[in-house]
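These notes concern the structure reproduced below.
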Amino acid sequence: MIKSMTGFGKSVIQLPGKKITIEVKSLNSKSLDLNARIPSTYREKELAMRNRVAKSLVRGKVDFALYVESTGENTNTKVNEGVVKEYMRQLGNVADSEPVELLKMAVRLPDALKIEREEMDENEYKSILTTLDKALEEINTYRSDEGKSLKGEFELRINNLQELLEKVVVMDVDRLDSVKTRLEKAVSDLKVELDENRFEQELIYYLEKYDITEEKVRLKNHLDYFTEALDSDDSNGKKLGFISQEIGREINTIGSKSNHAQMQQLVVQMKDELEKVKEQMLNVL
C-alpha cells in the first residue's frame, strides 16, 4: 500500500512543571531533508531523536520541533544578586535616586540575570521519546490516509489508459491496410513503371516499421504491473516511477509509429493521463 510524503503529527505530554509539545510535518522531497528545532537542554539527545524520525518517515522534507512551556513556579533564570547590588552601589555614586529606581536600572545591565543550565532527567527523556513515537504514529496515519486518496487517483488514470489502449487495439486492425492503400495510391499517381515484386517487398518492409504489436503488448503489461504494484507490500514512489517511465516509452513509440491521425489523437490523450500520474507520483513515499 502506498503512502504520501505529506503529513502532520502532534503529541503533548504534561511533566512536573512543564508541558512538552512535539510536532512533525512533512512534504514531498527526493530524499530525506530533516530540519530539527530542539531546545539546548535536549541537544545532547538530538542525534538519537533525528535517527528515530528518519527511520520512521524514510523520505520527505521533514520539520521536527520540540517545544517546552513552563507551567510551574520553578525557573532556570535567576537574579545575579551580587552583580545587581554592585550595579546599584555604583549607580548610587553617580545618581541621587531611590533604591527602587536604582534597581530598575541595574536589572537592565549585562549579567544581571543568569541562566542555570537545566540537566535532563533520563525518565523525562523516556517520556519525550514516548511522545515523539505518538507524533510519528499520527503522521504515518496521516500519510496512509493520503496514500489511499493517491491510490484512487492512480487507479482512475491507469483505467483511462487501459481504455485508450483498447481503442488503439481496435483501430490498429484497419490502420496498416489504410497506410498500405495510401502508399499504393501515391505510387499509382506517379504513373511510372514498377517491378511489382520489388514494390511488394519494399511495401512489406515499410509496413513492418509501423507495426505496433509489441508496443501494445508491453504497454498492457506495464499497466497491469503498475496496478499490481499499488497493492504490493514493497510499493513505493521510486518503483512506480520506473514503471511509469516504461509506460511513457511505449506510448511514445506507438505515437511515432502510428502514421495515423486518429491514433495520434489517442496517443495525445494517453500522454495527458500519464502526465497526471507523474504529477501525483511526486507525493508518493
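Numbering-wise, UniProt numbering puts 229 at position 229 of the sequence shown, and it's gapless, one number per residue.
We treat Cβ as the ideally placed atom computed from N, Cα and C, and that holds for glycine.
Quick caveat: nothing in here was measured; it's all calculated off a predicted structure.
- Excluding five sequence positions before and after residue 120, the CB atoms of its chain that fall closer than 8 angstroms to its own CB belong to 41, 42, 44, 45, given in chain order.
- The Cβ atoms of residue 278 and residue 232 do not sit closer than 9 angstroms to each other.
- At a Cβ-Cβ threshold of 9 angstroms, residue 132 and residue 53 count as neighbours.
- The three-state secondary structure of residue 241, taken from DSSP, is helix.
- Under the three-pair Cβ rule at 8 angstroms, the region 10 to 18 does not count as touching the region 250 to 264.
- By the C-beta criterion, the region 85 to 92 is judged not to be in contact with the region 22 to 36, since fewer than 3 inter-stretch pairs fall below 8 angstroms.
- A distance of 9 angstroms or more separates the beta carbons of residue 140 and residue 237.
- Taking the Cβ atoms as the reference, residue 158 lies roughly 6 angstroms from residue 226, within the contact range of under 8 angstroms.
- Scanning 259, 1, 104, 65 for the CA closest to the CA of residue 128 turns up 65.
- In this structure, DSSP gives residue 108 a state outside helix and strand, which the three-state scheme calls coil.
- For residue 67, the enclosing beta strand (DSSP E) begins and ends at 60 to 70.
- The bridge partners DSSP lists for residue 37 are 65.
- Counting the other Cβ atoms within 10 Å of the Cβ of residue 35 gives fewer than 16, which makes it exposed.
- Annotation for residue 55: the continuous alpha helix (DSSP H) segment containing it runs 46 to 57.
- Around the CB of residue 122, fewer than 16 other CB atoms lie within 10 Å, so the residue is classed as exposed.
- Excluding five sequence positions before and after residue 56, the CB atoms of its chain that fall closer than 6 angstroms to its own CB belong to 136, given in chain order.
- Between residue 274 and residue 161 a beta carbon distance of about 7 angstroms is seen, short of the 8 angstroms cut, so the two are scored as contacting.
- Taking a cut-off of 8 angstroms for Cβ pairs, the region 165 to 179 and the region 262 to 272 touch, as three or more such pairs fall below it.
- The Cβ-Cβ distance between residue 150 and residue 2 falls below 9 angstroms.
- Nearest C-alpha to residue 234 among 284, 219, 213, 222: 284.
- For residue 230, no beta strand (DSSP E) encloses it; the enclosing alpha helix (DSSP H) starts and ends at 213 to 231.
- Residue pairing for residue 21: DSSP places it in a beta bridge opposite 12, 67.
- Taking residue 19 as reference, the option from 68, 152, 257 with the minimal CA-CA separation is 68.
- Bounds of the alpha helix (DSSP H) holding residue 91 are 81 to 94.
- Inclusion of residue 168 and residue 268 in the CB contact set at 9 angstroms is not warranted, their separation being larger than that value.
- The C-beta separation of residue 281 from residue 240 comes to about 6 angstroms, placing the pair in contact by the 8 angstroms criterion.
- Residue burial annotation: residue 47 is exposed, with fewer than 16 other C-beta atoms found within 10 angstroms of its C-beta.
- Of 229, 219, 258, 147, the smallest CA-CA separation from residue 5 is found for 147.
- The residues 11, 66, 131, 132, 135, in chain order, have a CB closer than 6 angstroms to that of residue 22 in the same chain once the five nearest residues on each side in sequence are set aside.
- DSSP places residue 279 in the uninterrupted alpha helix (DSSP H) bounded by 261 to 281.
- Distance between residue 210 and residue 222, taken at the CA atoms: about 21 angstroms.
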